[in-house]
Amino acid sequence: MLVSTLRTGLIWLLCLGIAIASWRFLWAGVEASMGHVAYHADLRPIAFYTHVILAPAALVLVPFQLWNGLRASKPGLHRLLGRVYGIAIVLSGLSGLWLALTTEAGAVAAWGFGLLAIAWLATTIRGIGLAMQGDRLAHRRWMIRSIALTLAAVSLRLQVFATLLLDLPFDTAYSAIAWLCWVPNLIAAELVLRRGTSLRLRTA
Ligand code: HEM
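Numbering of the sequence shown is given in this note's numbering, commencing with residue 1253 and proceeding in unit increments.
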């Protein structure tokens, strides 16, 4: 009980905290708040601003969509927020793919972010499509994968923070982080899903 309350609190804190921190360019400016990617804002402003405005919106929605009580008591709101989550991801995923293809962080980072964008779009579109077909169990499984990938934004910032704290060479670490921010999340999601399946089989 205590562990699950702490886990829920941590998810709310990280998702809302990182989304709000990501929007700080709105009042602090791009150069001051995210100087290392400011070149995207100059060269491809539509892709950049679409991504940095809408991707944090998807992150904000994660704890609301995971909230069992809200899903049960207000299914209409869950469906509405699910559509907003889906639209935010389609637009910020496509623009994220464009940023990945044009990043100046090197080919390793470009492939890492690029495949993340494709996986993010694919899992989310599949998950929402299944909800529209009424397959709630499969919808839940694909949305867990989608959320694990949305949480790449959290992993990335924690890993960048650790890189700065440990004074590691930033460019090399950043290329690795483009993969480490999402591949372990996806593996963890698969393990959770397998454990869920085996528990259901055992209790069936
Ligand atoms: C999950 C799929 C995502 C992909 C593929 C992706 C891709 C990218 C790429 C390629 C960049 C530019 C990095 C560079 O060129 O060095 C970027 C920057 C950024 N992304 Fe995403 N992103 C994703 C999710 C998110 C989410 C969920 C958020 C929510 C907070 C987010 C917020 C940002 C922000 C604020 C930046 C500006 C740089 C920074 O603050 O680190 N992204 N993203």
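Glycine included, each C-beta is placed from N, C-alpha and C at the ideal position. It should be emphasised that the depicted structure is a prediction, and the values quoted were computed from it without experimental measurement.
Judged by beta-carbon spacing, residue 1360 lies beyond the 9 Å limit of residue 1407, meaning their Cβ atoms are not closer than that value. Within its own chain, the residues whose Cβ lies closer than 7 Å to the Cβ of residue 1303, once the five positions on either side in sequence are excluded, are 1344, 1347, 1348, 1351, listed in chain order. When the alpha-carbon of residue 1397 is set against those of 1436, 1431, 1286, the nearest one is in 1436.
For residue 1267, same chain residues with a beta-carbon under 6 Å away, outside a window of 5 residues either side, are 1311, 1314, 1315 in chain order. A heavy atom of the ligand HEM is found nearer than 8 Å to the CB of residue 1401. Judged by their CB atoms, residue 1401 and residue 1353 are not nearer to each other than the 9 Å cut-off.
Just so you know, the alpha carbons of residue 1368 and residue 1319 end up roughly 25 Å apart. The DSSP-derived three-state label of residue 1267 is helix. Spanning the alpha carbons of residue 1371 and residue 1307 requires a straight line of approximately 15 Å. Contact between residue 1309 and residue 1340 holds: their C-beta atoms lie close to 5 Å from each other, under 8 Å.
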